[in-house]
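Numbers given in this note's numbering equal positions in the sequence shown, counted from 1, plus 21. The beta-carbon is built from N, C-alpha and C at its ideal position, and this holds for glycine as well. Structure first, commentary second.
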Amino acid sequence: MNEVLVKLYVPMVDEQYDIWIPLDKKIHTIIKLLVKSVNEFTKGYYIPSKMPYLYDKITAKAFDINLKLIETEIRNGTELIMI
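Shown next as structure tokens:
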């Protein structure tokens with residue numbers, strides 16, 4: 022399996038999404054994919070002025086954008102916040 026299912030919270034639009042993300046991509050690439058997806062889900066409403074950060078919802082720890090997802094603690098069911 023090369024993807025994990027996470028719960029993504031996006032406070033800017035006050036929404037949460039269950040979304041599949043790839044294990045073999047770097048966090049900065051995943052953030053770009055998530056921004057594009059949320060923009061599509063909100064019909065163009067979500068347009069951040071700068072690249073958001075990805076945080077673990079439980080620990081509030083920001084993820085290093087240079088790591089691949091598989092090198093982080095993100096697994097199926099992880100709750101993330103994109104701010």
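In angstroms with no decimal places, state the Cα-to-Cα distance between residue i and residue j.
i    : j   : result
L106 : I48 : Beyond the ends of the chain as shown, which are 22 and 104, falls residue 106; an answer cannot be given.
Y74  : K82 : 10 Å
T99  : K71 : 24 Å
N97  : I79 : 14 Å
F51  : I42 : The sequence shown places Ile at residue 51, rather than the Phe named in the question. Taking the straight line from one Cα to the other gives about 7 Å.
Tell me, please, which residues DSSP counts as bridged to residue i.
i   : result
K28 : D39 and E100
Shortest alpha-carbon distance to residue i belongs to which of the options?
i   : options               : result
V59 : D39, L44 and K78      : D39
K64 : V34, L29 and I79      : V34
Y66 : E36, Y76, D85 and D77 : E36
For the putative contact between residue i and residue j, defined by C-beta atoms under 8 Å, what is the C-beta separation to the nearest angstrom?
i   : j   : result
I91 : D45 : 7 Å
Q.
Please give me, in chain order, every unbroken run of the alpha helix (DSSP H) with length at least 4 that falls completely inside the segment 49–83.
A. Secondary structure in the segment 49–83: no alpha helix (DSSP H) run of 4 residues or longer lies completely within the stretch.
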